[in-house]
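Following: one structure in structure tokens, then a few remarks.
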Amino acid sequence: MSDKKCWRLLTLNCHEAWVHQLGYLDARVDIIDGLPNRYTPSWDTHVRPVPANARLISLEAAHAPGNRYDCVIAHNMTDLMDVKLVAAARIIVFHATLEGRLAVDAAADEPQRISGIIRRYLTLTGGIGVAVSSMKGRSWGFPDDVVPNGVDCDAYLPWSGEVAAGVRVANQIQQKRRILAWDFHERAFADLPVTIVGHNPEMPGVAPSESWDDLKGLLRRHRFFIHTAHPDLEDGYNMASLEAMAAGLPILGNRHPTSPVVHGVSGFLAETPDELNGLAKRLIDDRELAAHMGEEARRQVRKEFDISLFSRRFHRAIDKAVRQYRRLGKGGGGGRR
Numbered sequence: 048m049s050d051k052k053c054w055r056l057l058t059l060n061c062h063e064a065w066v067h068q069l070g071y072l073d074a075r076v077d078i079i080d081g082l083p084n085r086y087t088p089s090w091d092t093h094v095r096p097v098p099a100n101a102r103l104i105s106l107e108a109a110h111a112p113g114n115r116y117d118c119v120i121a122h123n124m125t126d127l128m129d130v131k132l133v134a135a136a137r138i139i140v141f142h143a144t145l146e147g148r149l150a151v152d153a154a155a156d157e158p159q160r161i162s163g164i165i166r167r168y169l170t171l172t173g174g175i176g177v178a179v180s181s182m183k184g185r186s187w188g189f190p191d192d193v194v195p196n197g198v199d200c201d202a203y204l205p206w207s208g209e210v211a212a213g214v215r216v217a218n219q220i221q222q223k224r225r226i227l228a229w230d231f232h233e234r235a236f237a238d239l240p241v242t243i244v245g246h247n248p249e250m251p252g253v254a255p256s257e258s259w260d261d262l263k264g265l266l267r268r269h270r271f272f273i274h275t276a277h278p279d280l281e282d283g284y285n286m287a288s289l290e291a292m293a294a295g296l297p298i299l300g301n302r303h304p305t306s307p308v309v310h311g312v313s314g315f316l317a318e319t320p321d322e323l324n325g326l327a328k329r330l331i332d333d334r335e336l337a338a339h340m341g342e343e344a345r346r347q348v349r350k351e352f353d354i355s356l357f358s359r360r361f362h363r364a365i366d367k368a369v370r371q372y373r374r375l376g377k378g379g380g381g382g383r384r
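Everything in the sequence shown is counted per the numbering used here, starting at 48 for the first residue and increasing by one.
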């Protein structure tokens, strides 16, 4: 930003790992908590602590006369409707591809209709769409404003890798089997030790981490991280795989056009499950190779996905949204202090 004032931002409790990144902005953030029909009704401390510059509030408090905001950050159309009476600029963040959403929700409308509704709403309100990757931006028809996720490498513990096993972080796996290329995963690691972390109540022995610190410890101890994804439905990386790279783990997965992994340098990518199985066994047997590749992964993610890059890019996105909102004569922006 061009001055030292802080944005006043309003967002909703969803995608805690993503929202936690707002803690690195020059901003004060209110997070609406306790909404019904959510993956979790309240902020999930298993995933992240509440950012230091944020507080949890109710939907009613967000509409209180004393609360004025510069920008609302929504994660779906339901969010936009929940805060439709809040006078502020608007950003909707696309965390998944439209095709991936339709793969999970068979009752969803046609892709063109969904994208069209969002575009018309944003045009009327002066809002913008921001995607977490180029693939997701193209999927929704909003290719111009892309702000990739960021990681703070200094927040992670030095890698040790004493657990000769893979680790994967994923929620709702059974509902997302196609998106996660889970058949590929199962065939590749059928005879290998793998720790799965996440909310998957239908999978015995699988549970979320107890906290972000607990997750950091799990990453530190494991030999490599796994990310597989259907190339038409999901990116070749996600927030969890970027975290793993920051923690010094090599990444294993299927070949994917958007994967940041440099094959043979920061991880291994394979065309077939059998090929990936053999590469995983190399890392299980060779801790030093895993350590070397993990250090390359850490260097790569610091260069390409550092949290400072996210901060600068998202500040620009807020600037753009606020300018568009003001051009529509919607007001002077409410909350800068």
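Glycine included, C-beta positions come from ideal geometry on N, C-alpha and C.
Rounded to the nearest whole angstrom, the CA to CA distance from Asp-152 to Pro-112 is 37 angstroms.
The distance from the Cβ of Ala-109 to that of Val-130 is about 7 angstroms, consistent with a contact at the 8 angstroms cut-off. Ranked by Cα distance from Val-194, the first of Leu-375, Ile-354, Arg-374, Gly-173 is Ile-354. Counting of Cβ neighbours within 10 angstroms places Lys-183 among the buried residues, the total reaching 16 or more. Taking C-alpha positions only, Arg-363 is separated from Gln-371 by approximately 12 angstroms. A direct Cα-Cα distance of roughly 15 angstroms separates Arg-85 from Asn-247. The continuous beta strand (DSSP E) containing Ile-78 extends over residues 74 to 79.
Taking the Cβ atoms as the reference, Val-348 lies roughly 6 angstroms from Leu-289, within the contact range of under 8 angstroms. Unbroken beta strand (DSSP E) runs of no fewer than 3 residues, entirely contained in the region 294 to 345, are found at 298 to 301, 314 to 317, following chain order. Going by DSSP, Ala-101 is part of the beta strand (DSSP E) stretching over 101 to 104. Bounds of the beta strand (DSSP E) holding Val-210 are 210 to 216.
Under the 8 angstroms Cβ criterion, the region 51 to 70 counts as touching the region 117 to 128, having at least three qualifying pairs.
Contact annotation: the region 265 to 278 touches the region 207 to 217, with at least three C-beta pairs closer than 8 angstroms.
In the three-state reduction of the DSSP assignment, Gly-188 falls in the coil class. Burial state of Arg-75 is buried, judged by a 10 Å Cβ sphere holding 16 or more other Cβ atoms. Selection Ile-138, Ile-331, Phe-315 evaluated against Glu-343 yields Phe-315 as nearest (Cα-Cα). In this structure, Val-179 keeps its C-beta atom at 8 angstroms or more from the C-beta atom of His-122. Contact between the region 317 to 330 and the region 229 to 247 is present: three or more C-beta pairs spanning the two stretches fall below 8 angstroms.
In the structure shown, the three-state DSSP call for Leu-375 is coil. Judged by DSSP secondary structure, Gly-264 falls within the alpha helix (DSSP H) whose first and last residues are 259 to 268. About 21 angstroms separates the beta carbon of Asn-100 from that of Phe-352, a gap too long to meet the 8 angstroms contact definition.
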